[in-house]
Amino acid sequence: MVGVGRLVREGVRGSEQARTSRSHDSVSSFHRPLARVHNPTNKPGNRARIPLAMAGAGGGSNDVQWCFSQVKGAIDDDVAEADIISTVEFNHSGELLATGDKGGRVVIFQQEIENKSQPQCRSEYNVYSTFQSHEPEFDYLKSLEIEEKINEIRWLPQKNAAQFLLSTNDKTIKLWKISERDKRPEGYNLKEEDGRYIDPNTVTALRVPVFRPMDLMVEASPRRVFANAHTYHINSISINSDHETYLSADDLRINLWHQEITDRSFNIVDIKPANMEELTEVITAAEFHPHQCNTFVYSSSKGTIRLCDMRASALCDTHSKLFEEPEDPSNRSFFSEIISSISDVKFSHNGRYMMTRDYLSVKIWDLNMENRPVETYQVHEYLRSKLCSLYENDCIFDKFECCWNGNDSVVMTGSYNNFFRMFDRGQRRDVTLEASREGSKPRQVLKPRKVCADGKRKKDEISVDSLDFNKKILHTAWHPQDNIIAVATTNNLYIFQDKMN
Amino acid sequence: MRKRGSRPIIMPVHRRRKGREKSNMYSKGTKRKFFDGVDNKAVAASYSLQRQSLLDMSLLKLQLCHMLAEPNLCRSVLIANTVRQIQEEMTHDGSWQVVTEALGGSGHGPSDSLVDTEVLCQSPEQQDGGPKLYSVMGYDGCREEEVVTDKALCSVVVGDRAPALLLGTIGHCWDRGELRVEDGVSKDSGTGDEEETRSGEGAKMATGQVFGMFEIKNGAPGSDPALEELFSDVDASYYDLDTMLTGMQSAPKMGPYDFLDSLASSHGPVSNSSCRADLNELDHIMEIIVGS
């Protein structure tokens, strides 16, 4: 179904020129009235001011101990469906943290200035802006309601004083501009302060209007609406490193957009079969390469990842690379395909690796090796014997996301019972932590958790049968430079930071 | 901007299954049982029971899919693929457990025995090229009719026969046209394949049903023009359902209460042959209820 936005199969010219990767430096020294410490260039080689090794059981100079910092959201257990958090994303500097919820709202938190006089007091994230991004719509042709739930938010690299982000629901992508206003003009000759007009005949002297400071006001305005290009539900958006285009992926198609043009998008991948009854595979996630503007990947429900090069042809239905791990025959069951379905794919910051999340594991792939991942981490292997129950209650279809830390040394993903897991690639260690109100005293160090798979439960361990499958952490985000993470439970957002020594 | 109570919160429930059921369910997620030696029959029966219940559960999920406002295509595809897997396995394994026994557990894994039985099998079905997965016409507008018939049947059904009947319902309801064409597997065939074929059809049509709703179709695609002519004077609102039921003529006649009696009298574990008989009777119930 194509509405106003035509799907045109044409070649894409613009991205063919070699483009150097633009650093995400914050150009705008003028954009904020309050002095801020801006990061120097954030080129991929130059990241992390702080060693970003992950939390260990304690000890070791490189170990990070994660502490509770903040929690946002209602305390009561009765969760209003509109408050369910559906996406979390830091911007490129890490100063802003955006969340989207099922009610179509976007809430942006801003990191306060670090207080130089009190270095122990880490900066906090406070509400910066809240706006209604999407409203529920009704598709009259299909007699179906289109949910306003925000599926994904992606920040654009900052180019001027304002911040821009893309937010999308199932069908429509919107470009939002978030700008500050902290001055207002005063002293008009023909207008009073309250707006009433002054009779010109009564004016005896002229003055020049001046800008005077006012209380900071943050405005969010929709600048572009990219609609009517997707028949199926959008699951991913990804901004290209050329800073001009972006892609949006639904279950069967991927479209390429120009950020300025809303009435046209190019279809670059289409896996819809001629006969829908032959459909056996859908697209589950897609992302542009962080540096190569011609390269993107998309994952499927069959556990494969395809890397496509837009220079090869206009239509990227044939892949350049196919990443797939052969199935382990000893683990074969009726649920093998379902648990192999990839729920998220993320490139590393350096662009050499990509990470995929399937139901039970996280896999790290070298882009140069297609036949198997270079690393595999088991997130909650103890669930393998429970797959039938999880299939029955639909938990097996939960889509967990995953994320890298700033220097690609640690990866993180969520699990059930409000647990989340971190895997240190270098030190070959992993830890399970919990996001809960019990562990939420200020700067309280998080205690590593352990799930007991067999019957012999030790003290402080949790048995698999006690896990709460309603409490799932699907969305997590890691600050691009620091050891600050945002973890979303059903309707709360937890922010954890490393313990300052 | 809270929307309290505007939409029911659907949260998956972590159910604790009681002892015996628990072990059965969990074993689904582990390796398939390896048919071996003396316990072959018991193991096989338990396995096929579990497999059947998984199939029923999947079909129910597919049914529920398109009753909701916005079915999740990925989930539907995964469930449909699971149903297909089960159907294929049942087709290959179900009738040939005798053959598997004859092989005597020669140390092959389940997939190996699959290959062996394929080679040995000489059933007419295989000669036709295997059970065909028929494509199904998916109708958006049929949702209401389907719901009515399912509920009508479910209210007739007693206890845990419901899933099997649902299977038959799906199998019957939307693919009569295709079933007519398939002479290789007749309703009265003596093999146990019909149930699997029906399961396959059930899978296919549930699949088609689910995927079809994502399409905007004008009219009934794939209809036989002769059939359309036959039913041109039929009330338009029943048009779609009727074209599907045109394959009813050759079905044996049976009253609805006969069917209930047969249900009440048959107990015990679900087996292929009893399912087959029930499905035959079920076809008739459908015909009567819909009033063709």
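Note that the protein sequences, when read in sequence, are chains P and A. The opening position of the first sequence corresponds to residue 1 in UniProt numbering, with each subsequent residue numbered one higher. The opening position of the second sequence corresponds to residue 1 in UniProt numbering, with each subsequent residue numbered one higher. Note that CB positions come from ideal geometry on N, CA and C, so glycine has one too.
Is any beta-carbon of chain A found at less than 8 Å from that of isoleucine 338(P)?
-> yes
In the DSSP assignment, what residue or residues form a beta bridge with leucine 247(P)?
-> Ser238(P), Leu256(P)
Under a CB-based cut-off of 8 Å, is serine 436(P) close to chain A?
-> no
Coarse secondary structure for asparagine 126(P), derived from DSSP in three states = strand
Reduced DSSP category for aspartate 468(P) - H, G, I as helix; E, B as strand; rest coil = coil
Leaving aside the five residues before and after glutamate 145(P) along the sequence, list all residues of the same chain whose C-beta is less than 8 Å from its C-beta, in chain order.
-> Pro136, Glu137, Phe138, Asp139
Please name the residue in Pro209(P), Asp170(P), Ser179(P), Lys183(P) whose C-alpha comes closest to that of asparagine 189(P).
-> Pro209(P)
Strand pairing of leucine 144(P), partner residues [DSSP] | Asp139(P)
Can you give the Cα-Cα distance for lysine 272(P) and serine 361(P), rounded to whole angstroms?
-> 28 Å
With a floor of 3 residues, list each beta strand (DSSP E) that falls wholly inside the stretch 261-337 of chain P, ordered by position along the chain.
-> 264-270, 283-288, 295-300, 305-309, 321-323
Alpha helix (DSSP H) segment containing glutamate 233(P), residue limits = First, the amino acid is wrong: residue 233(P) is histidine here, not glutamate. No alpha helix (DSSP H) holds histidine 233(P); DSSP gives it neither H nor E.
At least one CB of chain P closer than 8 Å to the CB of threonine 82(A): is that the case?
-> Interface with chain P (8 Å Cβ-Cβ cutoff): threonine 82(A) is included.
Closer than 8 Å, CB to CB, is leucine 279(P) near chain A or not?
-> yes
Short CB-CB distance (under 8 Å) between leucine 78(A) and chain P | For leucine 78(A), the answer is yes, since a Cβ of chain P falls inside 8 Å of its Cβ.
Taking the Cβ atom as the reference point for each residue, do arginine 154(P) and leucine 165(P) lie within a distance shorter than 8 Å?
-> yes
Could you confirm whether any beta carbon from chain P is found closer than 8 Å to the beta carbon of methionine 90(A)?
-> no
In whole angstroms, what separates the C-alpha of histidine 31(P) from that of lysine 346(P)?
-> For histidine 31(P), the predicted structure reports a pLDDT of 34, less than 50, and the residue's modelled location is therefore unreliable. A value from the coordinates is still provided. Distance between the alpha carbons of histidine 31(P) and lysine 346(P) is about 31 Å.
Within the same chain, show all residues whose beta-carbon is closer than 7 Å to that of lysine 183(P), passing over the 5 residues directly before and after it, in chain order.
-> Counting only residues of its own chain and dropping the five nearest sequence neighbours on each side, lysine 183(P) has a CB closer than 7 Å to the CB of Phe211, Arg212, Pro213, Met214.
Count the other CB atoms within 10 Å of the CB of glutamate 192(P); is the residue buried (16 or more) or exposed (fewer)?
-> It counts as exposed.
CB contact flag (glutamine 65(P), glycine 104(P), <8 Å) = no
For glutamate 148(P), count neighbouring C-beta atoms within 10 Å of its own C-beta (all shown protein chains included) and say buried if the count is 16 or more, exposed if not.
-> buried
The stretch 223-248 of chain P: positions lying closer than 9 Å to chain A by Cβ | Thr231, Tyr232, His233, Asn235
In chain A, which residues lie less than 7 Å from aspartate 251(P) when you measure between Cβ atoms?
-> By Cβ distance, chain A contributes Leu73, Cys74.
Per DSSP, leucine 166(P) forms a beta bridge with which residues?
-> Paired residues: Arg154(P), Leu175(P).
Go through its chain and collect everything with a Cβ distance to histidine 230(P)'s Cβ below 6 Å, but skip five positions before and after it.
-> Lys171, Asp250
When you compare each of Val71(P), Ile342(P), Ser409(P), Phe226(P) to histidine 134(P) by their alpha carbons, which one comes out closest?
-> Phe226(P)
State the Cα-Cα distance for the pair histidine 479(P) and aspartate 56(A), rounded to the nearest angstrom.
-> 46 Å
With a CB to CB cut of under 7 Å and the five nearest residues on each side skipped, what residues in its chain are close to serine 129(P)?
-> Ile108, Ile178, Val218, Ala220
Taking Cβ-Cβ distances below 7 Å as the criterion, which residues of the stretch 42-60 of chain A are in contact with chain P?
-> Residues passing the 7 Å Cβ filter: Leu54, Met57.
Measure the C-alpha to C-alpha separation of arginine 357(P) and asparagine 470(P) and round it to an integer number of angstroms.
-> 20 Å
Using a C-beta cutoff of 8 Å, does glutamine 63(A) count as contacting chain P?
-> no
CB contact flag (serine 300(P), glutamate 287(P), <8 Å) = no
Considering only residues of the same chain and omitting the five flanking positions on each side of alanine 35(P), which have a CB-CB separation below 7 Å?
-> Its pLDDT being 32, under 50, alanine 35(P) is placed unreliably in this model, and the value from its coordinates should be taken loosely. Result list for alanine 35(P): empty, nothing under 7 Å.
Going by other Cβ atoms of all chains shown within 10 Å of its Cβ, with 16 needed for buried, is asparagine 91(P) buried or exposed?
-> buried
Measure the C-alpha to C-alpha separation of glutamate 278(P) and arginine 457(P) and round it to an integer number of angstroms.
-> 47 Å
Using the C-alpha atoms, what's the distance from leucine 73(A) back to proline 329(P)?
-> Taking the straight line from one Cα to the other gives about 27 Å.
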